[in-house]
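>
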Amino acid sequence: MPKIYFIEGNIGTGKSTFLKMVESLNNDNYQVIYEPVDIWTNFKDSTGKNILQYFYEDTKRFAYTFQNTAFISRVEKLKEIDPTKEAVFIERSIWSDKNVFAKNCFESQMMNEIEYMLYLKWFTWLEENLKLQGTYEFVYLRCSPKTSFERMKMRNRSEETSVSLEYLTQIHDKHEQWLKDTLQKDNVIILNAEEDIKKFDVFEEYIDFVLS
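Note that the UniProt record's numbering gives residue 106 to position 106 of the sequence shown, counting from 1, and the numbers run on in steps of one.
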């Protein structure tokens, strides 16, 4: 059974970059599974808008809809895990959906109480029926909200044009509460994402630390 590493962190911390660097190693014993952004962006209505755009443009209206879509699509991605691999690297987990994004929507009053109760009900049901193949750890790519914001602006994704520094600060704080302060320390690996992970010597140091 593989060891599963969930790559966690704020928007723009370098999660996709980290996974691309893992792929560049061309190690047949490793598997990489990306966040299902393609599902969120390719599913469009008659106006051409996708659910991620709707969520960022009108969070209060679409928070519940998007958060349900997010965690269900993540569960679908978990079916792709290859049990013959030694290590599987997955961009974010269903638990960051719950403990970071959905929780932030509720606490910032973007999701009302009954919506949050329904979200938690269905999340709990899916979690109880989820059968992960292998043990897992969380790899937290940690950097400041300001750094996340600057990187997000540089990559210039159309869906993210309305994302504010204030929102990224909220998401950063929720990651801190969940991964840095709450979870058992032996289940969380914290990496300094202020460093440029695209530099191979930085990545090499980090991947060795993660796998050690």
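C-beta: ideal position from N, C-alpha, C; glycine also.
Quantities reported herein were computed from a predicted structural model and do not represent experimental measurements.
(1) Following the continuous alpha helix (DSSP H) through Lys-174, name the residue where it begins and the one where it ends.
(2) Just list the residues that DSSP pairs Tyr-140 with in beta bridges.
(3) Quick check on Tyr-64: does DSSP put it in helix, strand or coil?
(4) Pick out whichever of Leu-168, Leu-130, Leu-141 has its Cα sitting closest to the Cα of Lys-153.
(5) For the region 67-139, which segments carrying the alpha helix (DSSP H) assignment without a break, of at least 4 residues, lie completely within its bounds, in sequence order?
(6) Under the three-state reduction of DSSP, which class applies to Tyr-30: helix, strand or coil?
(7) Give the DSSP bridge partners of Lys-44, in chain order.
(8) For the 8 Å Cβ check, are there 3 or more pairs between the region 1-20 and the region 137-148?
(9) Can you tell me whether Gln-170 is buried or exposed, with buried defined as 16 or more other CB within 10 angstroms of its CB?
(10) So, Ile-94 versus Phe-62, is the Cβ gap smaller than 8 Å?
(11) What does the alpha-carbon distance come out to for the pair Lys-49 and Phe-123?
(12) What do you reckon, are the CB atoms on Lys-28 and Gln-67 nearer than 8 Å?
(13) Please state whether DSSP places Lys-3 in a helix, a strand or coil.
(14) How far does the alpha helix (DSSP H) with Phe-211 in it reach, from first residue to last?
(15) For the alpha helix (DSSP H) containing Glu-160, name the first residue and the last one.
(16) Tell me whether Glu-23 sits in a helix, a strand or coil according to DSSP, three-state version.
(17) In or out: Gln-31 buried (at least 16 other Cβ within 10 Å) or exposed?
(18) Below 8 Å on the Cβ atoms is my contact criterion, and I expect Glu-91 with Glu-160 to pass it. Report the Cβ-Cβ distance as a whole number of Å.
(19) Report, in whole angstroms, the separation of the C-beta atoms of Ile-207 and Val-22, which I expect to be a contact under 8 Å.
(20) Using DSSP with H/G/I as helix, E/B as strand and the rest coil, what is Ile-39?
(21) Rounding to the nearest angstrom, what Cα-Cα distance links Phe-89 and Lys-20 in this structure?
(22) Given this structure, state the Cα-to-Cα distance separating Glu-113 from Phe-106, to the nearest angstrom.
Let's see:
(1) Reading the sequence shown from its first residue, position 174 is the one you call residue 174. It spans 165-175 - the alpha helix (DSSP H) in which Lys-174 sits, taken as one unbroken run.
(2) As a first step, residue 140 must be located in the sequence shown, where it is residue number 140. Tyr-140 pairs with Glu-8, Ile-190.
(3) Residue numbering aside, residue 64 sits at position 64 when the sequence shown is read from its first letter. Correct three-state label for Tyr-64: helix.
(4) Residue numbering aside, residue 153 sits at position 153 when the sequence shown is read from its first letter. Measuring C-alpha to C-alpha distances from Lys-153 to each of Leu-168, Leu-130, Leu-141 identifies Leu-168 as the nearest.
(5) With a minimum length of 4 residues, the continuous alpha helix (DSSP H) runs that stay inside the region 67-139 are 103-107, 113-129.
(6) Within the sequence shown, the letter at position 30 stands for residue 30. In the three-state reduction of the DSSP assignment, Tyr-30 falls in the strand class, which pools E and B.
(7) Your numbering for residue 44 matches position 44 in the sequence shown. In the DSSP output, where bridge partners are listed per residue, Lys-44 has Asn-50.
(8) At 8 Å Cβ cutoff, the stretches touch.
(9) Within the sequence shown, the letter at position 170 stands for residue 170. Around the Cβ of Gln-170, a 10 Å sphere holds 16 or more other Cβ atoms; the residue is buried.
(10) On the sequence shown, position 94 is the one that residue 94 refers to. On the sequence shown, position 62 is the one that residue 62 refers to. Not closer than 8 Å, so no.
(11) Here the question's residue 49 lines up with position 49 in the sequence shown. Here the question's residue 123 lines up with position 123 in the sequence shown. Between the C-alpha atoms of Lys-49 and Phe-123 there is a straight-line separation of about 26 Å.
(12) Taking the sequence shown and counting its residues from 1, the one referred to as residue 28 is at position 28. Taking the sequence shown and counting its residues from 1, the one referred to as residue 67 is at position 67. It is Asp, not Lys, that sits at residue 28 in the sequence shown. Not in contact: Asp-28 and Gln-67 (Cβ atoms no closer than 8 Å).
(13) Within the sequence shown, the letter at position 3 stands for residue 3. The DSSP-derived three-state label of Lys-3 is strand.
(14) The residue you call residue 211 lines up with position 211 of the sequence shown. Note on residue identity: the sequence assigns Leu, not Phe, to residue 211. That run of the alpha helix (DSSP H) goes 200-211.
(15) Your numbering for residue 160 matches position 160 in the sequence shown. No alpha helix (DSSP H) contains Glu-160, which DSSP labels as neither H nor E.
(16) Walking along the sequence shown from the start, residue 23 turns up at place 23. Three-state result, Glu-23: helix.
(17) Locating residue 31 in the sequence shown gives position 31, where the first residue counts as 1. If you draw a 10 Å sphere on the C-beta of Gln-31, you find 16 or more other C-beta atoms in it, and that means buried.
(18) As a position in the sequence shown, residue 91 is number 91, starting the count at 1. As a position in the sequence shown, residue 160 is number 160, starting the count at 1. With 8 Å as the limit, Glu-91 and Glu-160 do not qualify as a contact, their Cβ atoms being about 16 Å apart.
(19) In the sequence shown, the residue the question calls residue 207 occupies position 207. In the sequence shown, the residue the question calls residue 22 occupies position 22. With a Cβ gap of about 7 Å, Ile-207 and Val-22 count as contacting.
(20) Your numbering for residue 39 matches position 39 in the sequence shown. Three-state result, Ile-39: helix.
(21) Position 89 of the sequence shown, counted from the first residue, corresponds to residue 89. Position 20 of the sequence shown, counted from the first residue, corresponds to residue 20. The straight-line gap separating the alpha-carbon atoms of Phe-89 and Lys-20 is approximately 10 Å.
(22) Start at 1 with the first residue of the sequence shown, and residue 113 comes out as number 113. Start at 1 with the first residue of the sequence shown, and residue 106 comes out as number 106. Each residue's alpha carbon lies about 7 Å from the other.
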